[in-house]
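Residue numbers (our numbering): 2 to 586. Cβ atoms here follow ideal geometry from the backbone N, Cα and C, with glycine treated the same way. Accompanying notes for the structure given below.
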Amino acid sequence: MGLNPDAMKLQLFTLLFLLYTMQAAAYNYGEHKAIGDRAFARFIAGLQAGNQALPAYMDFEKVAEYDYVLTGFAAGNTAITYGVLNALSGDHESNPLLLEEQIRNSKSVIHKIIALHNQYLELGYTAAPDGKLAKLDIRYALFAASNLSHFYEYNKTMAQQLRHFDTALIRLCQSPGLVAGIFKKLDRTNAINMYVTLHGVAMDLAEQGGSLARQGRSAEARTRLFYALLFNAFADHFLEDAFAAGHLVVNRSVLASFTNNKALHDFYCEHGCTVTNSKGEVWHAYGDGQFNVSHHAWQQKQSLDEIRYNPYTPEAERVIEAVYRSLIDIRNAFDMAYVNPGYIPFVCSIPADPRRQPQFLLDHIPALALVPVPYHAGTTNPALHPGGGADTAGIRKATLPLQHRNFVRSRVANSLVLSTIGPMEDRYYRGLDFRVNAGNFSRRFAYNSKGGKKGMLDYWHGYTVSYSWVQYDAEEVQQGKTDARYVKLGIRSNYDYWVSDRKFVGLYSYAEAGLQFSDRKARFIFTPSAGIQFASLFNLNYYNMPIWLRLPLQYLLPLKLRLGALLSPGYSPRYFSAVDLDILF
Numbered sequence: 002m003g004l005n006p007d008a009m010k011l012q013l014f015t016l017l018f019l020l021y022t023m024q025a026a027a028y029n030y031g032e033h034k035a036i037g038d039r040a041f042a043r044f045i046a047g048l049q050a051g052n053q054a055l056p057a058y059m060d061f062e063k064v065a066e067y068d069y070v071l072t073g074f075a076a077g078n079t080a081i082t083y084g085v086l087n088a089l090s091g092d093h094e095s096n097p098l099l100l101e102e103q104i105r106n107s108k109s110v111i112h113k114i115i116a117l118h119n120q121y122l123e124l125g126y127t128a129a130p131d132g133k134l135a136k137l138d139i140r141y142a143l144f145a146a147s148n149l150s151h152f153y154e155y156n157k158t159m160a161q162q163l164r165h166f167d168t169a170l171i172r173l174c175q176s177p178g179l180v181a182g183i184f185k186k187l188d189r190t191n192a193i194n195m196y197v198t199l200h201g202v203a204m205d206l207a208e209q210g211g212s213l214a215r216q217g218r219s220a221e222a223r224t225r226l227f228y229a230l231l232f233n234a235f236a237d238h239f240l241e242d243a244f245a246a247g248h249l250v251v252n253r254s255v256l257a258s259f260t261n262n263k264a265l266h267d268f269y270c271e272h273g274c275t276v277t278n279s280k281g282e283v284w285h286a287y288g289d290g291q292f293n294v295s296h297h298a299w300q301q302k303q304s305l306d307e308i309r310y311n312p313y314t315p316e317a318e319r320v321i322e323a324v325y326r327s328l329i330d331i332r333n334a335f336d337m338a339y340v341n342p343g344y345i346p347f348v349c350s351i352p353a354d355p356r357r358q359p360q361f362l363l364d365h366i367p368a369l370a371l372v373p374v375p376y377h378a379g380t381t382n383p384a385l386h387p388g389g390g391a392d393t394a395g396i397r398k399a400t401l402p403l404q405h406r407n408f409v410r411s412r413v414a415n416s417l418v419l420s421t422i423g424p425m426e427d428r429y430y431r432g433l434d435f436r437v438n439a440g441n442f443s444r445r446f447a448y449n450s451k452g453g454k455k456g457m458l459d460y461w462h463g464y465t466v467s468y469s470w471v472q473y474d475a476e477e478v479q480q481g482k483t484d485a486r487y488v489k490l491g492i493r494s495n496y497d498y499w500v501s502d503r504k505f506v507g508l509y510s511y512a513e514a515g516l517q518f519s520d521r522k523a524r525f526i527f528t529p530s531a532g533i534q535f536a537s538l539f540n541l542n543y544y545n546m547p548i549w550l551r552l553p554l555q556y557l558l559p560l561k562l563r564l565g566a567l568l569s570p571g572y573s574p575r576y577f578s579a580v581d582l583d584i585l586f
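If you want it as C-alpha cells, here you go:
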C-alpha cells in the first residue's frame with residue numbers, strides 16, 4: 002500500500018515548519034488567555050462598582066472569580082471568554098470576522114483547537130504542542146511563518162512604528178467585504194500599528210454603540226458593542242505581543258523567518274532583555290512560556306522579610322494593566338457618546354497630517370505608555386517620553402540597540418556557510434564546501450557578577466549538514482586527479498571566551514560523518530575539524546557587517562580559519578585547511 006502524496010506533502014511541510022518557524026508567537030495560548038481574562042475581570046468589576054450604562058448592552062456571565070463567558074458567542078459547549086478571543090486572534094485566525102464565523106460553528110477547527118489547548122492547560126502546560134496544532138490546522142504554520150505584524154520593527158522608533166497608520170482603515174474595517182484585504186495590508190506592518198488600528202476600530206464601534214443607545218436603538222447598540230469587544234480582543238493580542246522580549250529584536254522578513262527570527266525570538270524570550278517605557282519604568286522583559294515567572298526575584302532582596310509572592314509579578318501586572326486600559330478606552334468611548342450628543346468621535350480628532358499622527362496616538366491611547374519603547378540608536382526623539390517622564394542615562398541605555406544581539410544571532414541562527422578547502426600537506430587537495438547550520442540543542446550565554454561579559458565562557462551546540470566537492474591526488478591512481486563528493490551531517494560547536502565586555506576569542510568545531518562518492522563507489526568518512534575566530538580582538542566582528550563587506554573580508558583576512566582531517570577506514574588520513582564565509586544567518 003503506497004503513501005498518499007498529499008499526506009507526504011503535509012508531513013514534509015509540518016516538519017519544515019517545526020524546524021524553522023515554530024514558537025514564533027509572543028505568549029503561549031494559555032498566557033494570552035490568562036492576561037485577557039484577568040484584565041476583563043477587572044474591567045467588569047469597575048463597571049459594576051460604577052453607574053455606567055454599558056453593562057446593559059453587554060452579554061456576559063460570571064462563571065468563576067476571574068472568568069466571564071461572553072454569551073453572545075454561544076456555540077456548543079465551548080466557553081468563549083475575552084481571554085480566549087485574545088489567544089486565538091492572529092495565531093489561529095487572520096481577522097475578527099473569520100474568528101467569529103469559526104466560533105459560531107460548533108464543529109469548526111477553532112473549537113477543536115480550543116479543546117486541544119484546554120487539555121494541556123489542565124495538565125499544567127501553557128499551550129498544546131505546536132506539532133499537534135499544526136497537524137490539526139496547517140494554517141497555524143502559515144500564520145507563524147508569514148505574519149510579520151506580531152513583531153516590532155527593529156531599530157525603528159515608536160513614531161516610525163506608526164508610520165504605516167492609516168486613519169481611513171478605521172472606518173473601512175467596518176465594511177465586512179473589505180476586512181480580509183485590509184488585514185492582508187495590516188499583516189505587513191507591525192504589532193504597534195496593528196494594535197492602534199484595530200483599537201481605533203473598536204473605539205469607533207463603541208462610540209456608535211453609545212450614540213445608538215442614547216437614541217433608544219438598543220438592538221443596534223448591542224451589535225456595535227459586540228463587535229467593539231471582538232475587534233478590541235483581536236487588537237489586544239498584538240498589544241500583549243508588544244511586551245514579549247523576542248518580539249522586540251527580530252528582522253521582520255519572510256527570509257528571516259527561516260534564518261534567524263525563530264532563533265532570536267526563542268533566545269530572548271528565554272533570557273530576556275532590559276526595556277523601558279514612556280513612563281520611565283525599566284524592567285527585564287521575557288516572552289512565551291515565561292509569563293508571571295518570578296525569575297529568582299528573591300535574590301534581589303536584602304532580607305527574608307522583603308520576599309513577597311503576589312498573584313502576579315510586576316511584569317505580568319504591567320501587561321494586564323495595559324489590556325485593562327485598552328478596555329477602559331472602550332468603556333469611555335461608549336459612555337461619552339451616550340451622555341454627550343455633541344461628542345466628537347476619536348477617529349475625527351486624529352490629525353490629518355501624518356507627521357502629527359504618531360505623537361497624537363501615543364498621547365491619547367493610554368496602553369501605549371506601558372509598552373516597551375523599541376530599540377533604536379537615536380533616543381532623543383520626542384516619542385521616548387511623551388508624558389514627560391524622567392530621561393536618565395539608564396533609561397536611554399535601555400532603548401539602545403542590544404549590544405550582543407548580532408553576536409547572538411550569529412550563534413543561534415540557521416546559517417548558510419561557504420568554505421574554500423586547501424591542503425595542509427604536499428598532497429593536492431582542494432575544493433568547496435556548502436554547509437547549513439541549524440538549531441541549538443544546548444547553549445550557555447551568561448553575564449558576570451557586574452552584568453558584563455569579561456571572563457565568561459559561552460558555548461553553543463547545534464546541528465550541521467554539508468555537501469562538498471573536492472579534487473585530490475588519490476593513492477590508488479598513479480597519475481592525475483580524482484573528483485569526489487562528500488555528503489555529511491553532524492554536530493557543530495562554538496566556544497567563546499570573553500577577554501572584555503566587547504571582545505572575545507572564538508573556537509568552533511565540526512564533528513561530521515557521511516559518505517564520499519568517487520569513481521562510482523561510496524565509502525564512509527569522518528571529518529573532525531576545529532577553527533578559530535579572533536578578529537573580535539581587533540573589532541572586526543563579521544556579524545555586524547553588511548553582506549557586501551562581510552564576504553570579501555572573511556575571505557581576505559580571513560576572519561574564520563579552520564583545520565581538519567578526513568578519516569576513512571583503510572585509507573591514509575588527509576589534512577586540510579578551510580576558510581569559512583558566513584553567507585546568511
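Residues that residue i bridges to, as DSSP identifies them
{"i": "E62", "result": "V70"}
{"i": "Y487", "result": "S469 and Q517"}
{"i": "S498", "result": "According to the sequence displayed, residue 498 carries Tyr and not Ser. Looking at the DSSP assignment, Y498 forms a beta bridge with L458 and V506."}
{"i": "L585", "result": "L417"}
{"i": "V409", "result": "BP columns for V409 are empty, so no partner."}
{"i": "W299", "result": "W299 pairs with nothing; no bridge assigned."}
{"i": "A439", "result": "Y464"}
{"i": "I492", "result": "Y464 and A512"}
{"i": "D434", "result": "S420 and S469"}
Where residue i falls, given that 16 or more other Cβ within 10 Å makes a residue buried
{"i": "N441", "result": "buried"}
{"i": "F525", "result": "exposed"}
{"i": "W499", "result": "buried"}
{"i": "V340", "result": "exposed"}
{"i": "T393", "result": "exposed"}
{"i": "F235", "result": "buried"}
{"i": "C349", "result": "exposed"}
{"i": "P559", "result": "buried"}
{"i": "S443", "result": "exposed"}
{"i": "L369", "result": "buried"}
{"i": "V294", "result": "exposed"}
{"i": "K454", "result": "buried"}
{"i": "G452", "result": "exposed"}
{"i": "P570", "result": "exposed"}
{"i": "S467", "result": "buried"}
{"i": "F292", "result": "buried"}
{"i": "A384", "result": "Per-residue confidence for A384 stands at a pLDDT of 45, beneath the threshold of 50, marking its modelled position as unreliable; the derived number appears in the next sentence. Buried."}
{"i": "Y153", "result": "buried"}
Per-residue DSSP class, three states only, for residue i
{"i": "E101", "result": "helix"}
{"i": "S304", "result": "coil"}
{"i": "D289", "result": "coil"}
{"i": "N262", "result": "helix"}
{"i": "D427", "result": "coil"}
{"i": "I139", "result": "coil"}
{"i": "C274", "result": "strand"}
{"i": "Y344", "result": "coil"}
{"i": "E94", "result": "strand"}
{"i": "I422", "result": "strand"}
{"i": "T82", "result": "strand"}
{"i": "Y339", "result": "helix"}
{"i": "L401", "result": "coil"}
{"i": "Y512", "result": "Tyr is not the amino acid found at residue 512; the sequence shown has Ala there. Three-state result, A512: strand."}
{"i": "R444", "result": "strand"}
{"i": "R39", "result": "helix"}
{"i": "G210", "result": "helix"}
{"i": "V294", "result": "coil"}
{"i": "R309", "result": "coil"}
{"i": "V320", "result": "helix"}
8 Å CB neighbourhood of residue i in its chain, flanking five on each side removed
{"i": "L19", "result": "Here L19 scores only 45 on pLDDT, less than 50, and its place in the model should not be relied on; the value that follows carries that caveat. Cβ neighbours of L19 beyond the five flanking positions: D131, G132 and A135."}
{"i": "L550", "result": "none"}
Chain C within 8 Å of residue i, Cβ atoms only
{"i": "E208", "result": "Note that chain C does not occur in the displayed structure, where there is just one protein chain."}
Neighbourhood of residue i by C-beta distance below 6 Å, restricted to the same chain and skipping five residues each side
{"i": "Y576", "result": "M425, E426 and A566"}
{"i": "L179", "result": "L173"}
{"i": "A485", "result": "V471, Q517 and S519"}
{"i": "D497", "result": "D459, F505 and G507"}
{"i": "P97", "result": "L231, F232 and F235"}
{"i": "S573", "result": "none"}
Close Cβ partners of residue i (< 7 Å) along its chain, the five nearest in sequence each way excluded
{"i": "A128", "result": "N29, Y30, G31, H118 and Y121"}
Quick check for students: name the residue ranges of the alpha helix (DSSP H) that lie wholly in the region 514 to 580, counting only runs of 4 or more. 548 to 557
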